[in-house]
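A.B. asks: Can you read through this structure? Questions will come right after.
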Amino acid sequence: MTMLEVKNLKRTFTTKDNMFGRREVKAVRDVSFTIPDGGVISFIGESGCGKTTIGRIVAGLETPTDGTVLLDGIDIHRANPKERRELMRQIQLIQQDPYQALNPAHTIEEALAQPLRLMAKRKAGVSNAWIQDRMAEVLSLVGLDPAAILYKYPHMLSGGQRQRVVIARALTVEPKVLVADEAVSMIDVSLRLGVLHLLRNLREKLNISVLFITHDVAASRYLGRDGKVFVIYKGMIVEEGATDTVINGPTHPYTQALLSAVPVLKGLEVPGSQRFYVEKELSQDGLSEEGCLFASRCPFATAECRRQLPPLAGDSHKSACLYPYERQVTARMLD
Amino acid sequence: MNAELQLIDAQTAVQVRGLNVVYETTQGDIPAVQNVNLDIRKGQITGIIGESGSGKSTLVMAMMNAVAKPGRVASGSIEVSGVGDMMKLSTEQQRRARSTELGLVFQAAQNSLNPLRRIGHQVLDLGRSHGVKDLRALLRKAKDLLERLGLDADRVLTAYQHELSGGMRQRVGIMFALVLDAKVVILDEATTALDMLSQASVLQIVRELHEERGLTTILITHDMGVVGDLADRVVVMYAGCIVEEGVTQEVLTSPKHPYTRGLIRAIPRISGDIDKAVPLSGSPPDMNTYKQPGCLFADRCPLAAPECQQSRPPLLEVETGRHVACFRVNDHA
Amino acid sequence: MVVAQTQLSNGQARRRHHREPFLRFALKTIVKKPGRLIGFLIIVLFILMAIFGPMLYPKNLPIDPNAIYAPISWKYPLGTDFEGTSNLALVITGARYVLFAAAMGALFTVVFGTVLGLLSGYFAGATDSVIMRITDFILTLPSFPLLVVLSTVWNFGQPVAMGFVLGITGWGGLARAVRSQTLTLRERGFIEAARGLGLSSGHILFRQLMPNVGSYIAMNLLLAVTGSIYAEVGLFFLGVVPFHVNNWGVMLNLAVFSGGAMSSPQALPYLLSPMLALLILTLGIVLFLDAVDEMFNPRLREV
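Protein chains in written order, with this note's numbering: chain C, 6 to 340; chain S, 103 to 435; chain L, 10 to 312.
Given below as structure tokens:
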């Protein structure tokens, strides 16, 4: 059973240069994917590739220029306002920055009580005690001690604790999908894995689907091992497939460049034999609309690549490259 | 230059002894760097790894004797090869030493560039403030360096900071650190704000320049991957103390301090069994951590024994060139 | 993983940690620095004066024909006026109208400014355009001349009416400032999270956004008080508002235009005593402002 289905998503931002001229930036160009019930998929890409915009559209915080986001078959952007609010509740976004995601003027108790009061109203016939119980329940689900944390203000917590509170707050409204946008990149390294572990557990315990947006390939491997990864470049999917298939045998040069860029731990790992570096910077200007979007940076590009845009092709492992070719770029663990 | 020079041997570029840095707050002094003894070896890449608040940045600012208020170097000496003890030099001598001996590359470099002056002008400003006679030659040197870093030198020199991308700015920062022929280059989280592909190419450039110019490079980061990929030696800091130090390969393959071990285990990798990654337990050090007399890591440590709560383990040499600060260094499985 | 050992007993979860009450926290903030305390005491003194002042004296203040423009003495600490009435009594009994009208003015300013600023900044788009055009209109109105004109058609015997007019003309600046603060706040993660959780707009505006501009509003409230005092005292001084009651503005007017305080030194105390009152009150407010920012900043609250 398919739960979240995204079809042909497009988002164009228009910026006014001056009174007469305007410029269009295509943040998302034709992206389609599905997340099965309780499943996980990861979006991998550099900052500015459009992955955050996709997450925000899925969470209902932004409207797509074109395309649909279906939750159990209902289009969340074309539902009536009441239905829409209900659908938005079921898809919760965990933002990158836990320092901005909590209101500095509210204690953790207030932050959790607000959405719970709303839920209590929907449920009808539940008492104030239910709110208190739920509060303790969601906090222990994320591994925090309610008695030690409820009365605190956000600035008294570490980054890891804040992100746990943010996740607990999302759980108060009993969502079906969590969109985790770079959810661990601003947390101290030693605490990152703990939060990833928590998201993994929530999937198993509560059957919540996870859309994990990240630049960290290894993190996507930890959280989305049994799911799929989508590699995004300039708002397009350039490669998709089962997580381990893509990481161990990437066929698109961009995916290969990303995997080459992962640092190799001396003595523990050996670099892939065909590891390569991309020298040029990602830029938005001077973007020709013709040909492969990665051609200008691709070390393997031919004249043909600059002429036609390759479609996303393949069966279960898809790649948007005219010359898909598997290269040994991924580091290998030594025994 | 002076007698103290003889104190450090020819292999050492910077020698830190008994360094203590405190931050003055209304609730009293908070130790940011505690009893640090460290030799930075000439011609090597030394990685200093630690989380936010571990004191790694404060340590290198102290190396340049440039700790900002409310921080203060409480005690200790910092011998820089060819310069002397930074703590005893005059302000003017210290200023000269920065850039000509010690070059610092800040995080993403955007804060170290003047947003209102072209890059070329800033090169000239730097030259003038260091009394460079031949400014034309300096500019030529900057140009060569920028080209070596893979940038369009003419465009960059006439550009303002905001016209450059993050990766370009970082390269410009490296140029500024090297243009006065600094022998010791310090990169403070220099790749943290960059994209993966830019990070990889900046690291590659750092590696190449290090070899070409025979530099001594200090890399400060919270990313074990960056250190593991690039550094010859690694220094692990926790709550202002060095807990482990040694050759990168050895530290990574057989970490001896429980924190190092936990940290390496807590990083998911792209190869091998992903389920071997285990989160580090406990919470990061806070005000109360510093107040107790025992080992700073004791409350998160799986091996903590009663003695660990009583006193702080000193940093001892357990093998040649390998230092660990742990009472139970021989007790792990 | 940081799994805290959590016993899910209801009793434990329900045991509420009581935060420090706001008043106690506010008091602690005030006593931190002597300047703040002095400012606070001055404000309290004036408030007491406004509430109880008129009760201390008979409705018609006693006249002493033998002590016209009497110099400063124990009996007349601030001298007397042209009828031999104690200036101190005049200042004290006059405080009520001045302060009450100023408080009302400040209240109207802050309520209009905050609500319109929040609405404009949060909803943006058409709502923002409409509110901001009205704000621009209010800002470009020369408010003092407008007050003069309004006072000819309006009866200002009631301080509420005076306060309302002062508020109507004064909220523009605050609305703009609150709007710009709201514009930056609405981009913050917690506002988006609140939307995603399905919390209502009213909740977002007044429970999420407003506490974050709290210190700003409180500071503006105090500044609006001084502004309103100057404006109304000015109106009375110019004599464009009929003198229904005794107040500081009326005293100034009479001292300058009928009492000859500008030419005869004996009348000087009559002119200076309301000015002294104004000066001290302003000083008190300025000193107190220092504490306000800290009082409303949640980062400084202890648990």
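Cβ coordinates follow ideal geometry from the N, Cα and C atoms, glycine included.
Give the straight-line distance between the Cα atoms of glycine 186 of chain S and arginine 28 of chain C, rounded to the nearest whole angstrom.
C.D. replies: Distance between the alpha carbons of glycine 186 of chain S and arginine 28 of chain C is about 57 Å.
A.B. asks: So, is asparagine 255 of chain L buried or exposed, given that buried needs 16 or more other C-beta atoms within 10 angstroms?
C.D. replies: buried
A.B. asks: Determine whether the beta carbon atoms of glutamine 261 of chain C and arginine 332 of chain C lie at a separation below 7 Å.
C.D. replies: yes
A.B. asks: What residue range is occupied by the uninterrupted alpha helix (DSSP H) comprising methionine 124 of chain C?
C.D. replies: Per DSSP, methionine 124 of chain C belongs to the alpha helix (DSSP H) from 113-128.
A.B. asks: Just to confirm, is the Cβ distance from arginine 200 of chain S to methionine 166 of chain S under 7 Å?
C.D. replies: yes
A.B. asks: Take the Cβ of proline 316 of chain C as the centre, count every other Cβ of all protein chains shown within 10 Å, and call the residue buried at 16 or more, exposed below.
C.D. replies: A residue is called buried when at least 16 other Cβ atoms come within 10 angstroms of its Cβ; proline 316 of chain C does not meet this threshold and is exposed.
A.B. asks: For glutamine 275 of chain L, go through chain C and note every residue whose CB falls closer than 8 Å to its CB, in chain order.
C.D. replies: By Cβ distance, chain C contributes nothing, its closest Cβ being about 56 Å from glutamine 275 of chain L, past 8 Å.
A.B. asks: Who pairs with phenylalanine 25 of chain C in a beta bridge, going by DSSP?
C.D. replies: Here phenylalanine 25 of chain C is not bridged, per DSSP, to any residue.
A.B. asks: So does the stretch 37-52 of chain L actually touch the stretch 60-76 of chain L, counting three or more Cβ pairs closer than 8 Å?
C.D. replies: no
A.B. asks: Is there at least one Cβ from chain L nearer than 7 Å to asparagine 108 of chain C's Cβ?
C.D. replies: yes
A.B. asks: Using only alpha-carbon positions, find the residue among L:Gly182, L:Trp257 and L:Ile238 that is nearest to tyrosine 225 of chain L.
C.D. replies: L:Gly182
A.B. asks: Which first and last residues belong to the beta strand (DSSP E) in which valine 175 of chain S is found?
C.D. replies: 173-182
A.B. asks: May I have the straight-line CA-CA distance separating glutamate 244 of chain C from leucine 263 of chain C, to the nearest angstrom?
C.D. replies: C-alpha separation (whole angstroms): 12 Å.
A.B. asks: Check the Cβ of valine 328 of chain S against every Cβ in chain C and list those closer than 9 Å, keeping chain order.
C.D. replies: Result: Pro268.
A.B. asks: Indicate whether histidine 111 of chain C and arginine 308 of chain L have their beta-carbon atoms separated by less than 7 Å.
C.D. replies: no
A.B. asks: Opposite phenylalanine 117 of chain L in the DSSP bridges: which residues?
C.D. replies: The partner list for phenylalanine 117 of chain L (beta bridge, DSSP) is empty, contrary to what the question assumes.
A.B. asks: Return helix, strand or coil for glycine 205 of chain S, following the three-state DSSP convention.
C.D. replies: strand
A.B. asks: Using a Cβ-Cβ distance under 7 Å, would methionine 140 of chain C count as near chain S?
C.D. replies: no
A.B. asks: Distance check for valine 215 of chain C and glycine 291 of chain C, CA to CA, integer angstroms please.
C.D. replies: The predicted model places glycine 291 of chain C with a pLDDT of 49, which falls under 50 and marks its position as unreliable; any figure quoted below should be read in that light. About 36 Å.
A.B. asks: Whose Cβ in chain L lies nearer than 9 Å to the Cβ of methionine 93 of chain C?
C.D. replies: Arg204, Gly205, Leu206 and Gly207
A.B. asks: Can you pull the DSSP bridge partners for phenylalanine 399 of chain S?
C.D. replies: DSSP output for phenylalanine 399 of chain S lists no bridge partner at all.
A.B. asks: For lysine 126 of chain C, count neighbouring C-beta atoms within 10 Å of its own C-beta (all shown protein chains included) and say buried if the count is 16 or more, exposed if not.
C.D. replies: Lysine 126 of chain C should be labelled exposed.
A.B. asks: When the Cβ atoms of the stretch 314-328 of chain S are set against those of the stretch 285-292 of chain S, are three or more pairs found closer than 8 Å?
C.D. replies: yes
A.B. asks: Return no unless some Cβ of chain L is closer than 7 Å to the Cβ of valine 33 of chain C.
C.D. replies: no
A.B. asks: So what does DSSP say about isoleucine 192 of chain C, is it helix, strand or coil?
C.D. replies: coil
A.B. asks: Give me the Cα-Cα distance between leucine 354 of chain S and arginine 174 of chain S, rounded to the nearest whole angstrom.
C.D. replies: 33 Å
A.B. asks: For the stretch 186-201 of chain C, list every residue whose C-beta sits within 8 Å of some C-beta in chain S, in sequence order.
C.D. replies: Listed by position along the chain: Asp193, Val194, Ser195, Leu196, Arg197, Leu198, Gly199 and Leu201.
A.B. asks: Between threonine 70 of chain C and the rest of its own chain, which residues show a CB-CB distance below 6 Å, the 5 nearest in sequence each way excluded?
C.D. replies: Answer for threonine 70 of chain C: Lys15, Arg16 and Thr17, listed in chain order.
A.B. asks: So, helix, strand or coil for cysteine 297 of chain C, using DSSP?
C.D. replies: coil
A.B. asks: I'd like to know whether the C-beta of isoleucine 372 of chain S is nearer than 7 Å to at least one C-beta of chain C.
C.D. replies: yes
A.B. asks: Are any of the Cβ atoms in chain S nearer than 7 Å to that of alanine 262 of chain C?
C.D. replies: yes
A.B. asks: Between the stretch 204-232 of chain C and chain S, which residues of the former have CB atoms less than 7 Å from a CB of the latter, in chain order?
C.D. replies: His220, Val222, Ala223, Ala224, Arg226, Tyr227 and Arg230
A.B. asks: Per DSSP, what are the beta-bridge partners of isoleucine 79 of chain C in this structure?
C.D. replies: C:Leu76
A.B. asks: Taking Cβ positions only, does lysine 181 of chain C come closer than 7 Å to chain S?
C.D. replies: no
A.B. asks: From the beta carbon of glutamine 217 of chain L, is the nearest beta carbon of chain C less than 7 Å away?
C.D. replies: yes
A.B. asks: State the DSSP-derived secondary structure class of arginine 7 of chain L, mapped to helix, strand or coil.
C.D. replies: The displayed coordinates of chain L run from 10 to 312. Any statement about residue 7 of chain L would go beyond what the structure contains.
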